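Numbered according to mature numbering (1 follows the signal peptide of the UniProt record, and there is no 0), the sequence shown spans residues -18 to -1, 1 to 598. C-beta atoms are modelled at their ideal positions from N, C-alpha and C, and glycine is treated no differently. None of the values given here were measured: they were computed from a predicted structure. Have a look at the structure below, then the notes.
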Amino acid sequence: MKKLLLSLAFVATSLASAQNNTSYWQQHVDYKMEVNMNVENFQYTGTQELEYTNNSPDTLDRVFYHLYFNAFQPGSEMDVRSTSIQDPDRRVGDRISKLTEDQQGYLRVSSLNQDGNELSYEEVGTILEVELDEPILPGEKATFNMEFKGQVPEQIRRSGRNSLEGVALSMSQWFPKMAEYDFEGWHAAPYIGREFHGVWGDFDVKLTIDKDYTVAASGYLQNPDEIGHGYSDEEIEAKGDTHTWHFVAPKVHDFTWAADPDYIHDKRTAEDGTVLHFFYKDNDEIKENWKNLQEKTEDLLIFFNENIGPYPWDQYTVAQGGDGGMEYAMLTLITGERNFGSLVGVTAHELAHAWFQHLMATNESKHEWMDEGFTSYISSRGMNQVMETYAENPHTGSYRSYMGLANSGMEQPQTTQADRYALNAAYGASAYSKGAVFLAQLGYVIGEDNLDKTLKRYYDEWKFKHPTPNDFIRIAEKVSGAELDWYLNDWTRTTNTIDYGIKEVTETDENSTKVTLERKKLMPMPIDLTVRYTTGEEEMIYIPLQIMRWEKYAEHENWTVAKDWAWAYPTYELNIDKPLSEIESIEIDESQRMADVNRDNNLYTAEETSEEEEQE
C-alpha cells in the first residue's frame, strides 16, 4: 500500500494545478553515491552520479549545488551572522570563528562532468555555481558525475562529530545536494542557519566505515545479513576492518545518517506496519527513557496517520545525535539526555515533520511557518493525547508566545525570509508559535470539524508537491465554503493584530439591552459572543465577518446568528431581548482561540454595572 502511494504521488504531480496558473511540475533527481569515511580524522571521500530530470517548461543553462559543511569555517556567512546578530543561537555563538583547520568542516568538489563532458564551476561559500556544457531542455535528462571530499566539523549546529552527548557522527547536510528549481526559479540560498529545501528523488548510497560503528540512516538497509548491528536477527562475524552499508531511500529530498560505536539499536513494528528503529548511547542514565519512548513513538505515529494522513514509507528512525532536534527524511536526530516528557515531546515534534516537511516540503526559507507552525500545532495535539493530559486547548503555549511577540514591537511579517529576521527570538516565535496559532485560530474561524477536514484534504491533494500558503488556504476555502484570503493576508503578510472589546452595555428599555462592541486593531475577525443570564441559561451569539461571505455552523446548543459585521466599521451594535438585570456576563471568544492581543476588554460582568452605579 505504501509503495502504491508513492507511485501515485508521481502521477499526481503531472495532473495537479498550482497557484501560479500553470500546469504543475517539479524536478526529479536520482542519486547514487559511494562514500568512504575515515573515523580517525573525520574526513571522507565520495563519488556521486546524479540523474537530473528537467520537468520544467524552461531551458536550464546552469545548476547549483548546496555545500552545507562550508558554513563551519571562520568567516563564513553563518559565522558572521552569528557573531553580529543581537541574540545568537547559543549553540553557535562565536564557536565557528574559533575552529582550527582540523576542527572545521568543508565540502569540496574535485571533479564534475555532465554526460561525460567536464564542467566549469565555482565554489561560493555554501553554494557551487555550475555552468552547463549543454543546456538541459524541457523534458530532458542529464547525468552529472562528481567526485567530492569533505571534513566533518566539530558538532556545532545540526551536523558534526563528537557531540556533547558523545555521539561520534551526526551526518546531516553532508553531501553536494542539487538545489531546487521550481516555478519561482532557483532556490540556492546560502546556509546561514535556517531551514532547507530540496528536490525529491531516489537515493542509493553505499557507505564504508569502521566495522565497529553502528549506522542509522534515512533509507532501507539492503544488506542486513552482511552488516548485523541489530538489522539482522543473527549475529554477524565482522570480516576486515570496515563494513560497506548499502541504503536505498525512495522518494525523499534528503539523505541523512548517524554513526557511533556504542549505539544500542532497538526495533519495533508499529500497528500500521511501519518499522521503527531507535539508536541511542549505551548510557545507563538514559536507557529506561529510550525504552519507554518506543511505545509513545508508535502512539504518535498512529495519531498523525489518523489526523493528517498515512505515513507512506515503511520505516522511521529516531537516533540520538545532533544538537537538539532536527527532522530529516525517514529519520530524526535528537539529543537524548532529557527527562522523559522532553524526550517524547521532541520526538513528537520531529516525527510530525515527516508529514509537513518531508511529504509536503514547503520552501522553509520562504514559508518556514507552514512547516514549523503546522508541526507545532499537530504535535501539541498529539502530545495532549499520547501523554494523556487532555487539555481543552493544548496550544496555550503557542498563543502565549505569539502574544509576547505581537506586543513586543519586534514582530516582522511571516513572509520574511527565514534568515532575514532581525532577531532569532522573533523568528522562533513567528515560525513556531504564530504558525501554530494560524491553524488553531483557523479552527475558531471555520470550525474545528472543517479544520480537521482541511488538514486531511491538504495531505491528499498536496503530498509530494511543495505547496505554498495560497495552496493551503484554498483547500480551507473549498472544505468550508468560506472566503479566507483576508485571513491569510493579514495574518502572514502583515503584522496587523486582533483586538476586539466590549465598549458599552446599556439597558435600552425594561426588556432590551444594547451591547456595543469595538474593533481596536486592524485585523478583522468573526466574533463568538457568549452571554450568560442570571437564570442559568447560556447563549452563543455568532457575528459573521462580512468579507467571509459565509456563516459558521452552530458550535453551541443555544446558537444565534446576528447580522454581519463589515470590517471598516469600528463599532457594532447588538440588541439582546433581555433586561440588563438578567445578564450575568458577556464575553468575546470565551474559548480563547482568537488571538486577541488585549483580553482585558473582552469580558463584561454584572458586577461592573453594580460598581459603576455605586460610584455614581
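Exposure label - residue i; buried when at least 16 CB within 10 Å
i: residue 61; result: buried
i: residue 571; result: buried
i: residue 232; result: buried
i: residue 467; result: exposed
i: residue 207; result: exposed
i: residue 255; result: exposed
i: residue 540; result: exposed
i: residue 346; result: buried
i: residue 171; result: buried
i: residue 3; result: Residue placement at residue 3 is poorly supported in this model, since its pLDDT is 46, which falls under 50; the coordinates still yield a value, given next. Exposed, by the Cβ-count rule.
i: residue 92; result: exposed
i: residue 294; result: buried
i: residue 176; result: buried
i: residue 536; result: exposed
i: residue 264; result: exposed
i: residue 372; result: exposed
Nearest-angstrom Cβ-Cβ length linking residue i and residue j, presumed shorter than 8 angstroms
i: residue 504; j: residue 478; result: 4 angstroms
i: residue 411; j: residue 351; result: The Cβ separation is near 10 angstroms, so there is no contact.
i: residue 205; j: residue 120; result: Their Cβ separation, rounded to whole angstroms, is 39 angstroms, which puts residue 205 and residue 120 out of contact at 8 angstroms.
i: residue 11; j: residue 181; result: 5 angstroms
i: residue 576; j: residue 469; result: Their Cβ separation, rounded to whole angstroms, is 12 angstroms, which puts residue 576 and residue 469 out of contact at 8 angstroms.
i: residue 85; j: residue 405; result: Not a contact, Cβ separation roughly 28 angstroms.
i: residue 157; j: residue 30; result: 7 angstroms
i: residue 495; j: residue 565; result: 6 angstroms
i: residue 107; j: residue 52; result: 6 angstroms
i: residue 164; j: residue 448; result: 6 angstroms
i: residue 605; j: residue 101; result: As displayed, the chain neither begins before -18 nor continues past 598, which places residue 605 out of reach and without an answer.
Span separating the alpha-carbon of residue i from that of residue j
i: residue 49; j: residue 465; result: 43 angstroms
i: residue 348; j: residue 556; result: 42 angstroms
i: residue 502; j: residue 480; result: 8 angstroms
i: residue 567; j: residue 523; result: 13 angstroms
i: residue 217; j: residue 238; result: 26 angstroms
i: residue 553; j: residue 499; result: 6 angstroms
i: residue 379; j: residue 393; result: 18 angstroms
i: residue 559; j: residue 513; result: 12 angstroms
i: residue 458; j: residue 279; result: 29 angstroms
i: residue 83; j: residue 138; result: 15 angstroms
i: residue 526; j: residue 135; result: 56 angstroms
i: residue 226; j: residue 196; result: 11 angstroms
i: residue 585; j: residue 497; result: 12 angstroms
i: residue 140; j: residue 551; result: 50 angstroms
i: residue 589; j: residue 341; result: 53 angstroms
i: residue 168; j: residue 162; result: 6 angstroms
i: residue 442; j: residue 454; result: 12 angstroms
i: residue 76; j: residue 178; result: 22 angstroms
i: residue 569; j: residue 319; result: 45 angstroms
i: residue 307; j: residue 222; result: 35 angstroms
i: residue 66; j: residue 58; result: 12 angstroms
i: residue 5; j: residue 419; result: 32 angstroms
Local conformation of residue i per DSSP, three classes
i: residue 582; result: helix
i: residue 97; result: coil
i: residue 158; result: coil
i: residue 181; result: coil
i: residue 341; result: coil
i: residue 290; result: coil
i: residue 474; result: helix
i: residue 460; result: helix
i: residue 558; result: strand
i: residue 192; result: strand
i: residue 232; result: strand
i: residue 3; result: Model confidence at residue 3 stands at a pLDDT of 46, short of 50, so the residue's coordinates are unreliable and nothing is read from them.
i: residue 105; result: strand
i: residue 70; result: coil
i: residue 432; result: helix
i: residue 169; result: strand
The ligand GDP heavy atom lying under 6 angstroms from the CB of residue i
i: residue 19; result: Within the structure as shown, the ligand GDP is missing, as the structure has no ligands at all.
Cβ contact check for the segment 38 to 47 and the segment 15 to 30: 3 or more pairs under 8 angstroms: no
contact_flag[the segment 580 to 588, the segment 530 to 549] where n(CB pairs < 8 angstroms) is 3 or more: Touching, no.
Contact the segment 356 to 368 vs the segment 325 to 336: 3+ CB pairs below 8 angstroms: yes
Touch test, the segment 468 to 478 against the segment 390 to 403, Cβ-Cβ under 8 angstroms, three pairs minimum: yes
Sufficient close CB pairs (3 or more, under 8 angstroms) joining the segment 142 to 156 to the segment 237 to 245: yes
Segment contact, 8 angstroms Cβ cut-off, at least three pairs: the segment 318 to 332 with the segment 422 to 439: no
Meets three-Cβ-pair contact criterion under 8 angstroms: the segment 121 to 132 and the segment 286 to 301: no
At least three beta-carbon pairs within less than 8 angstroms, the segment 302 to 317 to the segment 196 to 203: When C-beta atoms of the segment 302 to 317 are compared with those of the segment 196 to 203, three or more pairs fall below 8 angstroms, so the two segments count as touching.
Inter-stretch contact at 8 angstroms, needing at least 3 Cβ pairs: the segment 488 to 495 / the segment 536 to 546: Too few Cβ pairs lie closer than 8 angstroms, so no.
The segment 278 to 298 touching the segment 437 to 446, judged by at least three CB pairs closer than 8 angstroms: With a cut-off of 8 angstroms, the segment 437 to 446 and the segment 278 to 298 count as touching, because enough Cβ pairs lie within range.
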